[in-house]
Each structure stands twice: as C-alpha cells, then as structure tokens.
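Asker: Submitted below is the structure of interest, expressed as structure tokens.
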Amino acid sequence: MSDLIAAESLLVLLQTKPNVANKEGARDLGLVNGNVEFKNVNFSYDPRQTIIKDLSISAKPGDTIALVGTTGAGKSTILKLLLRFYDVSSGQIEIDGHDICDVTPSSLREVLGVVPQDPLLFNASVIENLRYARPSATDEEIFAACRAAAIHDKILSFADRYDTQVGEQGVKQSRGELQRIVIARVFLKDSPIFIDEPMSAVDTNTESDIQTALDVLKRRRTTFVTAHRLSTIVGADQILVVEKGSIMERGNTPGAFGQGGKVLKSLD
225 MSDLIAAESL
235 LVLLQTKPNV
245 ANKEGARDLG
255 LVNGNVEFKN
265 VNFSYDPRQT
275 IIKDLSISAK
285 PGDTIALVGT
295 TGAGKSTILK
305 LLLRFYDVSS
315 GQIEIDGHDI
325 CDVTPSSLRE
335 VLGVVPQDPL
345 LFNASVIENL
355 RYARPSATDE
365 EIFAACRAAA
375 IHDKILSFAD
385 RYDTQVGEQG
395 VKQSRGELQR
405 IVIARVFLKD
415 SPIFIDEPMS
425 AVDTNTESDI
435 QTALDVLKRR
445 RTTFVTAHRL
455 STIVGADQIL
465 VVEKGSIMER
475 GNTPGAFGQG
485 GKVLKSLD
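When we follow the working numbering, the leftmost residue of the sequence shown carries the number 225, and every step to the right adds one.
Following this line, the structure appears as structure tokens:
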C-alpha cells in the first residue's frame, strides 16, 4: 500500500503546474561565490495586495542574514522568492550579478542548500537518503558530512548502520536525529548559499548539538535564517526586522534595537 501511495503522490507532483517556468533563453547559473542582492523587490500573490514591499538586502559569502518578525510578516515569502518558488512582481533578486529570473530554476536550486523546519526522510536506507543530495558522492564523503552534522556515531548504532531502512517503514528517528540527517545532506551538497528555517521543538541539549552543526555549516556560506529564538540571531551579520512585507529595522546585534524593540518582542 505504501508503494501505491508513493506512486500516487509522485503522479500528483508531476502533474502539478509549476509556479515558475524556464524563461525563453534561460541559462544555467553555474558556479557562484554566493553574493545575493534583493533590489527593490515587490511581490504579491494577488495583484490587489502587495505582500513584499520595496525589499532590498545585500549579502556576501560568509554573511548570516537573520529575518525576524511575527508570523505572517513575510519572512518565509522572502525565502520562497530566493528559491524562486514564485517570481517577483517587480525588482530583481541577483546571485553574483545574475538575475535569478534569467536562469533555469533547477540550476538555481543547485546552489541553494535548505534545512527545512519539518525534515522528512524517504522510505529508503540512511545512505540512500543522504546520497539524494549528491548522487555522485562517495561513501567517505557521506561519512564526513555526517561527522560534520554530529550524526555519524548515532547512525553507526543503528542495526544495519548506514544501510538501515528509515522513513515511514523503517527505524524511527527523534526530531533531533532527523534534523541532523538533513543537515548532513546540506553539508554533502556543499552549496554556497544556505537557508535555515527555524527547527521544530527539540530538547535543549539536542538544540545545542544542532546549533553547533549549523554554525559549522554557515562558515564561508551566505546564510539566510528565519529566527524565532534569541540564540539564533546572536552573531548574525545583519538582523532585519520584517513587518507587513517590509524591513522596518536593521542592526547587527540584538541590543541595537533596545529592550522594547520589535526584535525581542518577536522572539521566544
């Protein structure tokens, strides 16, 4: 039955009309350093209501950009625009000077690594789940990625180690283990631009382990993080307070906004 459900889900996915399509003459993005520019970006799902308004952000390799704001402020939409799930209504988003609307979506997503809020694994072995990020990866490269994500030793404790079946039909992982396997995927993909969504509820020790792995992952990469805890934004190069689709405040330390500022009010 699970195979049938998986096949049906794949069929639905293949039949779904994408929100963006290859522009005529679109080219592959190729290798990039990771310079990201949002230039006066506006976006609306409905022409009658602008969701993102005159947004400008500049980030270079090694920078961490923390997006702070209440639910519905527009943080996730900003990241979806960078991933090109939607095209901007006006303005440009550029990577190394290339407008992302002029490149193929598949090549764009090759340079973006994402740790989603709700990580999922396929019904396959651990190593197959990891190799999905880079099919040409060797076993040693996969092991190195898992060590970097602090999950290698845990995988070795599974009955069949890296050949252990996971997902709905396999061994059950804790939320923290799932998160670290997904982080290992991003290490393996080795993309120059990294998107970090807030992790779902995990215990304090697990969160600390995950944060340590993420801090390693951010080195030399351009990182965008949607923040919901104060610990997430400590050390960020830019803290941007998003409200109703616009950047209302900017700073580089939580203290720059004052005790009564919007930053502290919007964090757990």
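Don't be surprised by glycine CBs; every beta carbon is placed ideally from N, CA and C.
If you're wondering where the values come from, they're calculated on a predicted model, not measured in any experiment.
Kindly give me the distance between the Cβ atoms of residue 311 and residue 260, rounded to whole angstroms, as I take these residues to be in contact under 8 Å.
Answerer: Here the question's residue 311 lines up with position 87 in the sequence shown. Here the question's residue 260 lines up with position 36 in the sequence shown. With a Cβ gap of about 16 Å, residue 311 and residue 260 do not count as contacting.
Asker: Starting from the C-beta of residue 474, find all residues in its chain whose C-beta is less than 8 Å away, skip the five residues before and the five after it, and write them out in chain order.
Answerer: On the sequence shown, residue 474 is found 250 positions in, with the first residue counted as 1. Excluding residues within five positions, the ones whose Cβ falls inside 8 Å are 462, 463, 464 and 465.
Asker: Mapping DSSP to helix, strand and coil, what is residue 475?
Answerer: Within the sequence shown, numbered from 1, the residue matching residue 475 stands at position 251. Residue state, collapsed to three classes: strand.
Asker: So who's on the other strand from residue 283, going by DSSP bridges?
Answerer: Here residue 283 corresponds to residue number 59 of the sequence shown, with the count starting at 1. Beta-bridge pairing links residue 283 to 260.
Asker: So, with DSSP's three-state summary, where would you put residue 396?
Answerer: As a working note, residue 396 is residue 172 in the sequence shown. Three-state result, residue 396: coil.
Asker: Hey, quick one: how far does the beta strand (DSSP E) through residue 420 stretch, first residue to last?
Answerer: If you number the sequence shown from 1, residue 420 lands on position 196. Looking at the DSSP string, the run of the beta strand (DSSP E) that includes residue 420 is 417 to 420.
Asker: For residue 331, name the three-state secondary structure that DSSP assigns.
Answerer: Your numbering for residue 331 matches position 107 in the sequence shown. Helix at residue 331.
Asker: Around the Cβ of residue 283, are there at least 16 other Cβ atoms within 10 angstroms (buried) or fewer (exposed)?
Answerer: Along the sequence shown, one-based indexing puts residue 283 at 59. Buried.
Asker: What is the DSSP secondary structure of residue 290, reduced to helix, strand or coil?
Answerer: Here residue 290 refers to the residue found at position 66 when the sequence shown is read from its first residue. It is a strand residue.
Asker: Are three or more beta carbon pairs between the stretch 251 to 269 and the stretch 279 to 294 nearer than 8 Å?
Answerer: At 8 Å Cβ cutoff, the stretches touch.
Asker: How would you call residue 380, buried or exposed, if buried means at least 16 neighbouring beta carbons within 10 angstroms?
Answerer: Locating residue 380 in the sequence shown gives position 156, counting from the first residue. With fewer than 16 Cβ atoms within 10 Å of its Cβ, residue 380 is classed as exposed.
Asker: Going by other Cβ atoms of all chains shown within 10 Å of its Cβ, with 16 needed for buried, is residue 436 buried or exposed?
Answerer: Translated into the one-based positions of the sequence shown, residue 436 becomes position 212. Exposed, since its Cβ has fewer than 16 Cβ neighbours within 10 Å.
Asker: Enumerate in chain order the residues of its own chain whose CB-to-CB distance from residue 250 is below 7 Å, with the five nearest sequence positions on each side excluded.
Answerer: Locating residue 250 in the sequence shown gives position 26, where the first residue counts as 1. The answer, listed in chain order, is 326, 327 and 328.
Asker: Hey, would you say residue 450 sits closer than 8 Å to residue 291, going by beta carbons?
Answerer: Mapped onto the sequence shown, residue 450 falls at position 226. Mapped onto the sequence shown, residue 291 falls at position 67. The answer is yes: Cβ separation under 8 Å.
Asker: For residue 341, which three-state DSSP category applies?
Answerer: Sequence index remark: in the sequence shown, residue 341 carries index 117 (1-based). Looking at residue 341 - three-state DSSP - the assignment turns out to be coil, as it is neither helix nor strand.
Asker: Apart from the five residues just before and just after residue 373, which ones in its own chain have a Cβ nearer than 7 Å to its Cβ?
Answerer: Counting from 1 along the sequence shown, the entry for residue 373 is found at position 149. The residues are 404, 407, 408, 411 and 437.
Asker: Thinking C-beta only, is residue 335 closer than 8 Å to residue 419?
Answerer: Start at 1 with the first residue of the sequence shown, and residue 419 comes out as number 195. Start at 1 with the first residue of the sequence shown, and residue 335 comes out as number 111. Cβ distance not < 8 Å, so residue 419 and residue 335 don't count as in contact.
Asker: Can you tell me where the beta strand (DSSP E) with residue 447 in it begins and where it stops?
Answerer: Here residue 447 refers to the residue found at position 223 of the sequence shown. Looking at the DSSP string, the run of the beta strand (DSSP E) that includes residue 447 is 446 to 451.
Asker: Excluding the 5 residues flanking residue 231 on each side, which residues of the same chain have their C-beta closer than 6 Å to its C-beta?
Answerer: What you label residue 231 is simply residue 7 of the sequence shown in a count that begins at 1. At residue 231 the pLDDT is 44, less than 50, meaning the model places this residue with poor confidence and gives no usable figure here.
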